[in-house]
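Per numbering that gives the first Met the number 0, the sequence shown starts with residue 0, numbered consecutively.
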Amino acid sequence: MATEQDRTNDGRTGPPPQAVLMPLLWGHPVAHLLRTMLRLGVADRFGDGEATAEEMAAHCGTLPEPTRRMLRALVPLGLVAEVRPDAFRLTPAGALLRADHPESMAATIRVFTTPAMVRAWEHLEDGLRTDGPVFDALLGHDYFTHIRKDPELSAAFNTAMSQTTRATAEVLPGHYAFGRFGTLVDVGGGDGTLLAAVLAAHPGLRGILYDSAAGLAEAAPRLERAGVADRCALETGDFFVSAPAGGDAYLLKSVLHDWTDERCGVILDGIRRVVPDDGRLLIVEPVLPAPGSAPAGGDPGPYLSDLTMMLALGGRERTAEDFAALCAASGFRLTSVTTLPAPSTFSLVEAVPV
Ligand SMILES: C[S@@+](CC[C@H](N)C(=O)[O-])C[C@H]1O[C@@H](n2cnc3c(N)ncnc32)[C@H](O)[C@@H]1O
0 MATEQDRTND GRTGPPPQAV LMPLLWGHPV AHLLRTMLRL GVADRFGDGE ATAEEMAAHC
60 GTLPEPTRRM LRALVPLGLV AEVRPDAFRL TPAGALLRAD HPESMAATIR VFTTPAMVRA
120 WEHLEDGLRT DGPVFDALLG HDYFTHIRKD PELSAAFNTA MSQTTRATAE VLPGHYAFGR
180 FGTLVDVGGG DGTLLAAVLA AHPGLRGILY DSAAGLAEAA PRLERAGVAD RCALETGDFF
240 VSAPAGGDAY LLKSVLHDWT DERCGVILDG IRRVVPDDGR LLIVEPVLPA PGSAPAGGDP
300 GPYLSDLTMM LALGGRERTA EDFAALCAAS GFRLTSVTTL PAPSTFSLVE AVPV
């Protein structure tokens with residue numbers, strides 16, 4: 000016999016439609032709540048301990064009663080637990096909002112909830128009508144210019160990229176035969192989190208970390224901490240102008256999704272000019288199912304990232320077919336697409352020069 004739940008889901012199992020919809024309605028307030036927590040240093044004040052609303056208010060410079068209301072709202076969101084009446088502490092998820100947590104996500108949340116990013120999403124309708132970035136119209140310059148004009152935001156962006164790259168850095172070095180190469184170039188490699196992990200796992204390999212000056216600002220200490228600084232050169236440049244010569248393999252992680260096909264073509268052409276005939280192009284990004292090949296579903300992250308890239312820079316997340324076409328247009332042949340193991344949610348796309 001069909002239950003009420005079956006009927007409301009048109010025969011499929013799952014929560015009732017209202018229970019699906021209502022949490023989505025609160026997405027925007029929750030994002031602001033997270034941002035405000037970070038601005039006020041709520042998670043850092045908790046640390047490993049407890050705090051009352053009054054103690055937290057004294058730290059934040061806010062009023063006790065509204066602060067109590069904020070802490071209460073964080074309980075059902077799974078970020079804070081009320082361990083006794085008016086004694087709160089962080090849950091394991093809330094602890095990731097601490098700046099000093101080894102798996103901190105604080106910078107990522109800060110960067111993706113900046114007022115400029117929120118404004119960009121307010122203009123989603125414009126983006127849908129133009130398939131283009133809205134940042135230029137809103138701010139008079141593109142997303143990277145916006146970030147790089149503000150040194151604090153720029154450092155937070157580099158840290159955010161490192162935080163979101165950690166999961167892939169855990170699994171990529173053991174997933175691909177990097178040991179056969181002499182030099183790996185990470186193009187747009189940011190602070191070097193991924194390259195450092197690959198170099199640490201392959202002691203015979205050398206690296207070139209290539210990015211803008213602002214992108215490389217946090218790289219030297221990162222490579223030092225990983226113990227690979229002596230095998231990794233830092234090279235400042237513009238990947239729309241050229242890529243460093245001397246690599247056997249060229250890595251692009253979370254770079255192509257920022258850009259239109261045309262701009263990706265310029266980056267790939269630059270790599271094609273310097274990659275040796277037996278070299279490799281390695282793209283690490285989420286790979287979407289081709290429209291019509293499999294229903295979109297599962298983790299909404301790549302689809303929301305797809306729209307974020309459109310709004311920020313006119314970029315997109317891509318299917319395997321999209322990557323094959325991009326590669327072909329710049330003189331590469333796609334040879335494989337493999338899903339990386341958890342905790343990464345990305346795939347490795349390999350291509351060879353033709
Ligand atoms: C989305 S981040 C990815 C960083 C890193 N690959 C990762 O996955 O953690 C894109 C990178 O491209 C760099 N970038 C943007 N425009 C660039 C340009 N014109 N030339 C060189 N690097 C650039 C940024 O500084 C940033 O580090």
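Ideal Cβ placement from N, Cα and C applies to all residues, glycine included.
Supposed contact pair residue j and residue i - C-beta distance, whole angstroms, cut 8 Å
i: VAL197; j: PHE239; result: At roughly 25 Å, the Cβ-Cβ gap does not stay under 8 Å, so VAL197 and PHE239 are not in contact.
i: ARG205; j: ARG230; result: 5 Å
i: LEU347; j: VAL283; result: 6 Å
i: PHE331; j: ALA350; result: 4 Å
i: ASP185; j: TYR209; result: 7 Å
Residue i burial status per 10 Å Cβ neighbour count (16 or more: buried)
i: GLY187; result: buried
i: TRP25; result: exposed
i: LEU312; result: buried
i: LYS252; result: buried
i: ALA269; result: Here the sequence assigns Gly to residue 269, which means Ala is not the residue at that position. By the 10 Å Cβ count, GLY269 comes out buried.
i: ALA106; result: buried
i: PRO75; result: exposed
i: THR12; result: exposed
i: MET21; result: exposed
i: HIS31; result: exposed
i: ALA1; result: Residue placement at ALA1 is poorly supported in this model, since its pLDDT is 39, which falls under 50; the coordinates still yield a value, given next. The residue is exposed, with fewer than 16 neighbouring Cβ atoms inside 10 Å.
i: ALA327; result: exposed
i: VAL82; result: exposed
i: ALA119; result: buried
i: GLU64; result: exposed
i: GLU217; result: buried
i: ASP257; result: buried
i: SER153; result: buried
i: ALA244; result: exposed
i: SER292; result: exposed
Residue i: first and last residue of the uninterrupted beta strand (DSSP E) it sits in
i: PRO352; result: 346-352
i: PHE87; result: 86-89
i: GLY206; result: 205-210
i: THR182; result: 182-186
i: GLY83; result: A small correction: the amino acid at residue 83 is Arg; Gly does not occupy that position in the sequence shown. Where ARG83 is concerned, the enclosing beta strand (DSSP E) stretches over 79-83.
i: ARG279; result: 279-284
i: ALA115; result: Counting along the chain, ALA115 falls outside any beta strand (DSSP E), though it belongs to the alpha helix (DSSP H) covering 114-121.
i: THR338; result: 331-338
i: GLU234; result: 231-235
Other residues of its chain near residue i: CB distance less than 8 Å, five sequence neighbours each side excluded
i: ARG272; result: SER241, ALA242
i: ARG97; result: ALA42, ASP43, PHE45, GLY46, LEU89, SER103, ALA105
i: LEU171; result: LEU193, ALA196, VAL197, VAL283, LEU339, SER343, LEU347
i: THR167; result: LEU193, LYS252, VAL283, LEU339, SER343, PHE345
i: PRO288; result: PRO294, ALA295, THR318
i: ALA86; result: GLU49, ALA50, THR51
i: PRO301; result: PRO285, LEU287, GLU316, THR344
For residue i, the first and last residue of its enclosing alpha helix (DSSP H)
i: SER304; result: 300-312
i: VAL197; result: 192-200
i: VAL110; result: 105-111
i: ARG67; result: 63-73
i: GLU151; result: 150-174
i: ALA52; result: 52-59
i: GLU316; result: No alpha helix (DSSP H) holds GLU316; DSSP gives it neither H nor E.
i: GLU223; result: 218-224
i: ASP407; result: Outside the displayed range of the chain (0 to 353) lies residue 407, so it cannot be described from this structure.
i: ARG38; result: 26-39
Cutoff 6 Å; reference residue i; Cβ partners in own chain excluding five residues on either side
i: SER161; result: ASP190, THR192
i: TYR142; result: PHE134, ALA311, LEU312
i: VAL254; result: GLY187
i: ALA199; result: ALA225, VAL227
i: LEU267; result: SER329
i: LEU73; result: VAL79
i: ASN157; result: GLY189, ASP190, GLU217
i: ARG109; result: LEU37, ALA155
i: ARG147; result: SER153, ALA213
Own chain partners of residue i with C-beta closer than 7 Å, once the 5 adjacent residues on each side are dropped
i: ALA341; result: none
Segments assigned alpha helix (DSSP H), at least 4 residues, entirely inside the region 240-272: Fully contained in the region 240-272 is no alpha helix (DSSP H) run of length 4 or more.
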